[in-house]
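Remarks on the structure that follows.
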Amino acid sequence: MLFSEVLSSLQRDGDQWAARIPADWMIGRTAFGGLQAAFAARAMREVLPDTTLPLRTLQCTFLAPVSEGALTIKAQVLRTGKNAVHAQARLIAGDQVLALVIGVFGAARESSVLRLPAQQPVESAKPIEFRYIPGVTPVFTQHFRARWLLGGLPYSNATLPRNVVEVGLDETGRANDGHVLALADFIPPVAMSFLKKPAAGGTLIWMMEFFSDRHDHLPLSGWRVDADLVAAVGGYTSQSVMLWGPGGEPVAISRQSMVIFS
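Quick note on the working numbering: the sequence shown kicks off at 754 and runs consecutively.
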C-alpha cells in the first residue's frame, strides 16, 4: 500500500483511533517508525482546538514493537496556550503502550530574528543506488527511491560518519506532515554502515523540529537527507539529520538515539 493510503486508513472510533499496519510497512519486528509517528501526528491534529495549526516539534519514544495488523491510538491535548498547543498520542496494543509521542503545534509569531540553514553541494563521483531486495532489505523500503551521494550503505564497512542520501516516496502528490516524517526516517542508522555484516538495531527516541508552516507545495521526490553520526558508545548511538526539500529548501532537523546490537 502507498504511504498516503496507509495514513488515510486512520479512523476515529469513539474517543480513540483505529489503524492497520500492512505487512509491507514493517521493519523487522516492528512497524516503520516514520509511519508510527505519522499516525500519532494525525491523531493529535484531530483533537486540536484549531486543526490548521502547523506542527512545530515532535518527540517520539518507541517503547515496544508495533506488530502488523490492528493498532489503537489515543490522543489528547495537554495544554493550550496563546500561540502553542501541546498534545500527546499513545500507540496501544491491549493495555501496553508501544509508543509515546508529544507534539507541539503553534501559530507563527512576529520576530526580528530569521536564520535558516543553507544546503551545501555534495560532490559524488559515483552515487550508490539503493535497491530493494526481498528478504534482505526491510520491506518498507520498497516504497522509497534513494541513492547515497556520500557515505556507505548499511554493512559496507564504511568509515565516514556521514551519509547524504537523495530520497523520495514512490507515489505522486504533495507532501504533508506525515510524508515529511516518513522521508526523514527513511535513512538507517549511520552506525550500521560501519558494520561488516547485518545486525539488529532500532530507535529509542526521535525528535523532529519543523521549519515550515506548510509542505503541500513540495512534491514527494527530490528530497535530501544529511545524516551525521555524532557519537557511538556502549551499543548506543546519537545521530543528527537535516532534511531538505526539493531545490534545497530546509524543512526539518532531527535527532535520534538508537541502539545497535553488534
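Virtual Cβ for every residue (Gly too), placed ideally from N, Cα, C.
Note that the structure is a prediction, hence the values are computed from the model and not measured.
Using a threshold of 8 Å, state whether the C-beta atoms of residue i and residue j are closer than that.
| i | j | result |
| --- | --- | --- |
| Leu913 | Pro880 | no |
| Ile774 | Leu824 | yes |
| Gly786 | Asp938 | yes |
| Gly856 | Ala840 | yes |
| Val854 | Leu811 | yes |
| Ser784 | Ile826 | A quick correction: the sequence has Ala, not Ser, at residue 784. No, they are not a contact pair. |
| Pro1003 | Leu869 | yes |
| Trp976 | Gly905 | no |
| Phe756 | Ala878 | no |
| Ala852 | Phe897 | no |
| Met1011 | Gly926 | no |
| Arg900 | Glu876 | no |
| Leu948 | Ser865 | no |
| Glu924 | Leu973 | yes |
| Leu1018 | Ala793 | A query on residue 1018 cannot be resolved here, the shown segment of the chain reaching from 754 to 1015 and no further. |
On the CB-based measure, 16 or more other CB atoms within 10 Å of its CB, does residue i come out buried or exposed?
| i | result |
| --- | --- |
| Gln789 | buried |
| Gln992 | buried |
| Pro887 | exposed |
| Asn910 | exposed |
| Glu863 | exposed |
| Ala984 | exposed |
Near residue i, what residues of its chain come up, given a Cβ to Cβ distance below 6 Å and the 5 sequence neighbours on each side ignored?
| i | result |
| --- | --- |
| Leu760 | Ala791, Gly931 |
| Asp979 | Val917, Met995 |
| Ser832 | The displayed chain sequence assigns Arg, not Ser, to residue 832. Answer for Arg832: His839, listed in chain order. |
| Ala828 | Ala796, Met797, Val800, Ala842 |
Looking only at its own chain, which residues have a Cβ that is under 7 Å from the Cβ of residue i, when we skip the five neighbours before and after it?
| i | result |
| --- | --- |
| Ala861 | Asp966 |
| Gln895 | Asp777, Tyr885 |
| Lys950 | Tyr908 |
| Ile780 | Pro891, Phe893 |
| Met754 | Pro775, Asp777 |
I'd like the list of long-range same chain contacts for residue i, defined as Cβ closer than 8 Å, with 5 residues on each side in sequence excluded.
| i | result |
| --- | --- |
| Arg782 | Pro818, Ser820 |
| Glu758 | none |
| Trp997 | Gln872, Trp976, Arg977, Val978, Asp979, Pro1003, Val1004 |
| Met945 | Pro907, Tyr908, Ala952, Gly954, Ile1013 |
| Arg915 | Leu903, Gly904, Val943, Asp979, Ala980, Asp981, Leu982 |
(request) Check whether the region 957 to 968 touches the region 1001 to 1010, counting contact only when three or more Cβ pairs, one atom from each stretch, lie closer than 8 Å. (result) yes
(request) Just list the alpha helix (DSSP H) runs in the region 906 to 953, keeping only unbroken ones of 4 residues or longer that don't cross its boundaries, in chain order. (result) 930 to 938
(message) Quick check on the DSSP output: what are the complete alpha helix (DSSP H) runs of length 4 or more inside the region 780 to 820, in order along the chain?
(response) 786 to 799
(message) To test your reading of the DSSP string, which unbroken alpha helix (DSSP H) runs of 4 or more residues are found completely within the region 818 to 899?
(response) none
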